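Below is one structure, written out as structure tokens; the observations come after it.
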Amino acid sequence: MTALAPRVCVPVAAHDDFDGWRDSARRLIQAGIAPDRVIWSLPGAVAGDLFAGDPPPDLAGDAPPAAAPPVLASRDYLELAGRAALHADPARFDLLYRLLWRLQTAPRLMDDRADRDVRAIDALARTVRRDIHKMRAFVRFRVVEDAHGETYVAWFEPGHHILRANGGFFVRRFAGMRWSILTPQGALHWDGETLREGPPADRGDAPAGDPAEALWRTYYASIFNPARLKIGAMVKEMPRRYWKNLPEADLIPELIASAQAREAAMIALGGEQAGRPPETLAALDAAVAACRRCAIGCNGTRAVPGHGPVDARLMVVGEQPGDHEELAGRPFVGPAGQVLRDHARTAGLDLDAARLTNAVRHFKHVPQGKQRLHQTPTAREIDTCRWWLDAERHLVRPRVVLALGASAARALLGRTISLQQERGRFVPLDDGAQLLITSHPAYLLRLGEAARVAEAARFAADLALVAGA
Ligand code: URA
Numbered sequence: 319m320t321a322l323a324p325r326v327c328v329p330v331a332a333h334d335d336f337d338g339w340r341d342s343a344r345r346l347i348q349a350g351i352a353p354d355r356v357i358w359s360l361p362g363a364v365a366g367d368l369f370a371g372d373p374p375p376d377l378a379g380d381a382p383p384a385a386a387p388p389v390l391a392s393r394d395y396l397e398l399a400g401r402a403a404l405h406a407d408p409a410r411f412d413l414l415y416r417l418l419w420r421l422q423t424a425p426r427l428m429d430d431r432a433d434r435d436v437r438a439i440d441a442l443a444r445t446v447r448r449d450i451h452k453m454r455a456f457v458r459f460r461v462v463e464d465a466h467g468e469t470y471v472a473w474f475e476p477g478h479h480i481l482r483a484n485g486g487f488f489v490r491r492f493a494g495m496r497w498s499i500l501t502p503q504g505a506l507h508w509d510g511e512t513l514r515e516g517p518p519a520d521r522g523d524a525p526a527g528d529p530a531e532a533l534w535r536t537y538y539a540s541i542f543n544p545a546r547l548k549i550g551a552m553v554k555e556m557p558r559r560y561w562k563n564l565p566e567a568d569l570i571p572e573l574i575a576s577a578q579a580r581e582a583a584m585i586a587l588g589g590e591q592a593g594r595p596p597e598t599l600a601a602l603d604a605a606v607a608a609c610r611r612c613a614i615g616c617n618g619t620r621a622v623p624g625h626g627p628v629d630a631r632l633m634v635v636g637e638q639p640g641d642h643e644e645l646a647g648r649p650f651v652g653p654a655g656q657v658l659r660d661h662a663r664t665a666g667l668d669l670d671a672a673r674l675t676n677a678v679r680h681f682k683h684v685p686q687g688k689q690r691l692h693q694t695p696t697a698r699e700i701d702t703c704r705w706w707l708d709a710e711r712h713l714v715r716p717r718v719v720l721a722l723g724a725s726a727a728r729a730l731l732g733r734t735i736s737l738q739q740e741r742g743r744f745v746p747l748d749d750g751a752q753l754l755i756t757s758h759p760a761y762l763l764r765l766g767e768a769a770r771v772a773e774a775a776r777f778a779a780d781l782a783l784v785a786g787a
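Sequence positions in the sequence shown follow my numbering and run 319 to 787.
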């Protein structure tokens, strides 16, 4: 009878320490230690200690044994393993090591999608990817005042060990604000320059609501369309376990329950929705300034409110404030605004008598050195911000609305338009105002000389139509 080879217990320093695990795995393979002899010991686990032995000598040193054969790991494997390592399944490192072991004699193993281990690692990696995306979508920051001013705090309960892996995303997204994300597994704190880690937190450590939350809930209720309700799809996109931390989610059961009645009411109202918009422009501006309901609102820039008379007959809607506008706090004060003003003057349009505003109220940009480069808002961001524009139109009640570019047109019509097909003619809006769509003045700035002359003529003709109206 042959003696059983001793088992080795190999610690993994942290639940998401894929690099450390990979290093140990490489040494184990080089030392020829088969998967059934390895016990991966995770932080806080006790079961492995029952069989624990000392790490073999090869694992104790820094360098692999001299003349050890190279360890083979395909790119496919490393990509899936990096993600699967973040799964909460306590047996994940056994699986990863078994696959790595098998890869040494079957380098094409990852191509065999019928293999049980390959299917298992793929499933783990997919679950983790989904959890990463859900965290990006469902983290909700609440504003808190501390000794240094405003900071944003979110509570989130990830299903897997994804917090650190998601840190870079939140730093890039919310580079300009101070924030903390608290989770039961640990915390991340960003002060605008450095990302620090903190100990596991408690739900009670995070604030429960902020002043914009009531507005957001009202808005969510108003855009919730019972006629389009598909509960299965909704739960798939927004799994129930995330609901408890979303300010809008406690409305969902009630909204679903009353969906049929609301659908009937909507039909009776001719499709009007029942949100409660702010009652003055000042209240609107204050609410917009506190809005953090999309990534742009959370990027640390200040909201730029509409500008111009409250009873203006003409409203000019741009895409979003740019660098100059964000600094000045007023729309259309930068280069695109200059182009607009020059053409408006020629067309006989008095922009001082018009209300100037934007589809999106914060400046979406990417930092590049000392510059902030404009980024086009997504349709979803425009739709999220649309409520503010609707509220502003409701308060100003312009007779004519000029949409500059496709983003503005989407905010006014609620759909993507073809600028070339739909520009230059009046169409009625839902409140009876006349809408005319034209190009955005920044577009003129990007064109070469010949194209600019042609586009400027079309732009001028469109503005002349508005002046005539
Ligand atoms: N571009 C816009 O669309 N809006 C502004 O306010 C400035 C530039």
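Each residue gets a CB set at the ideal place from its N, CA and C atoms; glycine is no exception.
The model shown is predicted, which means the values in this text are computed figures rather than measured ones.
(request) Over the uninterrupted alpha helix (DSSP H) stretch that includes proline 746, give me the two end residues. (result) To locate residue 746, count along the sequence shown from 1; it is residue 428. It is not in any alpha helix (DSSP H) - proline 746 instead sits in the beta strand (DSSP E) that spans 744 to 746.
(message) Taking the alpha carbon of phenylalanine 681 as the reference point, which residue from Gly666, Leu645, Arg631, Lys688 has its own alpha carbon closest?
(response) Along the sequence shown, read from residue 1 onward, the residue named residue 681 stands at position 363. Here the closest residue by C-alpha is Leu645.
(message) Looking at the secondary structure, which residues open and close the beta strand (DSSP E) in which isoleucine 499 lies?
(response) Taking the first residue of the sequence shown as 1, we reach residue 499 at position 181. 497 to 501 is the extent of the beta strand (DSSP E) around isoleucine 499.
(request) Report the option in Val635, Ala438, Leu602, Thr734 whose CA atom is closest to the CA atom of alanine 697. (result) Residue numbering aside, residue 697 sits at position 379 when the sequence shown is read from its first letter. It is Thr734 whose Cα lies nearest to the Cα of alanine 697.
(message) Quick check: what's the CA-CA separation for glutamate 590 versus glycine 467?
(response) Reading the sequence shown from its first residue, position 272 is the one you call residue 590. Reading the sequence shown from its first residue, position 149 is the one you call residue 467. Residue confidence for glutamate 590 is low, a pLDDT of 30 falling below 50, so the modelled location carries little weight and cannot support an answer.
(request) Can you say whether lysine 688 is buried or exposed, counting buried as having 16 or more other CB atoms within 10 angstroms of its CB? (result) Taking the first residue of the sequence shown as position 1, residue 688 is located at position 370. Label assigned to lysine 688: exposed.
(request) Grab the span of the alpha helix (DSSP H) containing glutamate 644 for me, first residue to last. (result) Residue 644 sits at position 326 when you count from the first residue of the sequence shown. Its alpha helix (DSSP H) spans residues 641 to 646.
(message) Going by DSSP, what residue range makes up the beta strand (DSSP E) through alanine 721?
(response) Within the sequence shown, numbered from 1, the residue matching residue 721 stands at position 403. That run of the beta strand (DSSP E) goes 718 to 722.
(message) At a threshold of 6 Å, does proline 695 count as lining the ligand FAD (C-beta to nearest heavy atom)?
(response) The ligand FAD is not part of this structure, which contains only the ligand URA.
(message) Using only the alpha-carbon positions, how far apart do valine 622 and arginine 704 sit?
(response) Taking the sequence shown and counting its residues from 1, one reaches residue 622 at position 304. Taking the sequence shown and counting its residues from 1, one reaches residue 704 at position 386. Within the model, the alpha-carbon separation for valine 622 versus arginine 704 is close to 14 Å.
(message) Taking the alpha carbon of arginine 611 as the reference point, which residue from Leu481, Ala472, Asp629, Arg648 has its own alpha carbon closest?
(response) Stepping through the sequence shown from its first residue, residue 611 is reached at position 293. Considering only alpha carbons, the answer is Ala472.
(request) Just grab the DSSP bridge partners of tryptophan 508 for me. (result) As a working mapping, residue 508 is identified with position 190 in the sequence shown. Tryptophan 508 pairs with Trp497, Leu513.
(message) As an exercise, report each continuous alpha helix (DSSP H) stretch of at least 4 residues that is fully enclosed by the segment 630 to 710, in chain order.
(response) The segment 630 to 710 contains, as complete alpha helix (DSSP H) runs of 4+ residues, the segments 641 to 646, 653 to 665 (chain order).
(request) Pick helix, strand or coil for threonine 756, following the three-state DSSP scheme. (result) Looking up residue 756 in the sequence shown gives position 438. Here threonine 756 sits in strand by DSSP.
(request) Starting from the Cα of arginine 715, find the closest Cα among Gly742, Val634, Asp670, Gln739 and give me that residue. (result) As a position in the sequence shown, residue 715 is number 397, starting the count at 1. The candidate whose alpha carbon is nearest that of arginine 715 is Val634.
(message) Check whether the segment 494 to 512 and the segment 351 to 361 touch, using three or more Cβ-Cβ pairs below 8 Å as the test.
(response) no
(request) Just confirm the distance between the C-beta atoms of phenylalanine 487 and arginine 454, as a whole number of angstroms; I'd bet it's less than 8 Å. (result) For the purposes of this step, residue 487 is taken as residue 169 along the sequence shown, with counting starting at 1. For the purposes of this step, residue 454 is taken as residue 136 along the sequence shown, with counting starting at 1. Yes, they are in contact, since the Cβ atoms of phenylalanine 487 and arginine 454 sit about 6 Å apart, within 8 Å.
(request) Note down, in chain order, each residue of its chain lying with its Cβ closer than 8 Å to the Cβ of glutamine 503, except the 5 sequence neighbours on either side. (result) By 1-based counting over the sequence shown, the position of residue 503 is 185. Correct list, in chain order: His333, Pro476, His479, Leu481, Pro518.
(message) So, does the segment 737 to 750 touch the segment 662 to 680, judging by three or more C-beta pairs under 8 Å?
(response) no
(request) Give me whichever residues DSSP pairs with alanine 472 in a beta bridge. (result) Numbered from its first residue, the sequence shown carries residue 472 at position 154. By DSSP's assignment, alanine 472 forms a beta bridge with Ile499.
(request) In the DSSP assignment, find the unbroken alpha helix (DSSP H) run with serine 392 in it and report its ends. (result) For this step, residue 392 is matched to residue 74 along the sequence shown. That residue, serine 392, is in no alpha helix (DSSP H); it is neither H nor E in DSSP.
(request) Go through its chain and collect everything with a Cβ distance to alanine 381's Cβ below 8 Å, but skip five positions before and after it. (result) If you number the sequence shown from 1, residue 381 lands on position 63. At alanine 381, the pLDDT of 48 sits below 50, so the modelled position is not reliable; the number obtained from the coordinates is stated separately. Around alanine 381: no qualifying Cβ.
(message) At the level of alpha carbons, what is the spacing between cysteine 327 and arginine 458?
(response) By 1-based counting over the sequence shown, the position of residue 327 is 9. By 1-based counting over the sequence shown, the position of residue 458 is 140. Going by the C-alpha atoms only, they are around 40 Å apart.
(message) Within a Cβ cutoff of 7 Å, which residues of the same chain sit near leucine 404, ignoring the five residues on either side of it in sequence?
(response) Your numbering for residue 404 matches position 86 in the sequence shown. Hits under 7 Å: Asp334, Val446, His478, His479, Ile480, Ala483.
(message) Which residue marks the beginning of the alpha helix (DSSP H) containing arginine 460, and which one marks its end?
(response) Your numbering for residue 460 matches position 142 in the sequence shown. Arginine 460 -> not in any alpha helix (DSSP H); beta strand (DSSP E) instead, spanning 460 to 464.
(message) Assuming alanine 331 and glycine 338 are in contact, meaning their beta carbons sit under 8 Å apart, how far apart are those beta carbons, in whole angstroms?
(response) For this step, residue 331 is matched to residue 13 along the sequence shown. For this step, residue 338 is matched to residue 20 along the sequence shown. That pair is a contact at about 5 Å.
(request) Indicate the three-state DSSP secondary structure (helix, strand or coil) for tryptophan 339 in the structure shown. (result) Walking along the sequence shown from the start, residue 339 turns up at place 21. Tryptophan 339 falls in the helix class under three-state DSSP.
(request) Ignore the nearest five residues each way along the sequence and tell me which others in arginine 401's own chain have a CB closer than 7 Å to its CB. (result) In the sequence shown, the residue the question calls residue 401 occupies position 83. Excluding sequence neighbours, arginine 401 sits near Ala443, Val446, Arg447.
(request) Figure out for me which residue from Leu632, His661, Arg648 has the closest Cα to the Cα of alanine 671. (result) Counted from its first residue, the sequence shown places residue 671 at position 353. For alanine 671, the nearest C-alpha among the options comes from Leu632.
(request) Please state whether DSSP places alanine 323 in a helix, a strand or coil. (result) For this step, residue 323 is matched to residue 5 along the sequence shown. Three-state result, alanine 323: coil.
(request) Would you mind reading off the limits of the beta strand (DSSP E) that contains valine 356? (result) Taking the first residue of the sequence shown as 1, we reach residue 356 at position 38. Valine 356 -> beta strand (DSSP E) spans 356 to 359.
(message) Closest to glycine 640 by C-alpha separation, out of Gly626, Ala607, Thr694, Leu781, would be which residue?
(response) Counted from its first residue, the sequence shown places residue 640 at position 322. The candidate whose alpha carbon is nearest that of glycine 640 is Thr694.
(message) Nearer than 6 Å: is that true of the beta carbon of asparagine 676 relative to any heavy atom of the ligand URA?
(response) Translated into the one-based positions of the sequence shown, residue 676 becomes position 358. The answer is yes for asparagine 676.
(request) Give me whichever residues DSSP pairs with valine 328 in a beta bridge. (result) What you label residue 328 is simply residue 10 of the sequence shown in a count that begins at 1. Beta-bridge pairing links valine 328 to Trp358.
(message) Can you tell me where the alpha helix (DSSP H) holding aspartate 733 begins and where it ends?
(response) Against the sequence shown, residue 733 aligns to sequence position 415. According to the sequence displayed, residue 733 carries arginine and not aspartate. Per DSSP, arginine 733 belongs to no alpha helix (DSSP H) and is neither H nor E.
(message) What would DSSP say about histidine 625, mapped onto helix, strand or coil?
(response) Within the sequence shown, the letter at position 307 stands for residue 625. Note: histidine 625 maps to strand in three-state DSSP.
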